[in-house]
Amino acid sequence: MKNVGTIDRVLRIVVGLALISIVFIGPQTPWGWIGVVPLGTALLGYCPLYSLLGIKTCPAQKT
Numbered sequence: 399m400k401n402v403g404t405i406d407r408v409l410r411i412v413v414g415l416a417l418i419s420i421v422f423i424g425p426q427t428p429w430g431w432i433g434v435v436p437l438g439t440a441l442l443g444y445c446p447l448y449s450l451l452g453i454k455t456c457p458a459q460k461t
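Take 399 as the starting number for the sequence shown in the working numbering and just add one per residue.
Here you go:
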């Protein structure tokens, strides 16, 4: 079940790619690989932390 909405996904992709770019450009620190987390949750549309906290940013699905 997805719990990450469209705007949230776009922001996660941008932030994830920006953090990963730190590995190759700029200070070239390995901490940039933490960008894989927001990128992965954006691509899957599911965030485990949101589930624990009861947050859902995607629109309600009609049944």
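We put the CB at the ideal spot given by N, CA and C, even for glycine. All values reported here derive from a predicted model rather than from experimental measurement.
- Taking C445 as the centre and dropping the five residues before and after it, the same chain places the C-beta of N401, V402 and T439 closer than 7 Å to its C-beta, in chain order.
- If you draw a straight line from the Cα of M399 to the Cα of L417, it is about 27 Å long.
- The continuous alpha helix (DSSP H) containing I411 extends over residues T404 to F422.
- Taking a contact to require three or more Cβ pairs closer than 8 Å, the segment 403 to 417 and the segment 446 to 457 qualify as touching.
- Inter-residue distance for R410 and S419 is about 14 Å (C-alpha atoms, whole angstroms).
- The alpha carbon of G430 has as its nearest neighbour, out of G414, L441 and S449, the alpha carbon of G414.
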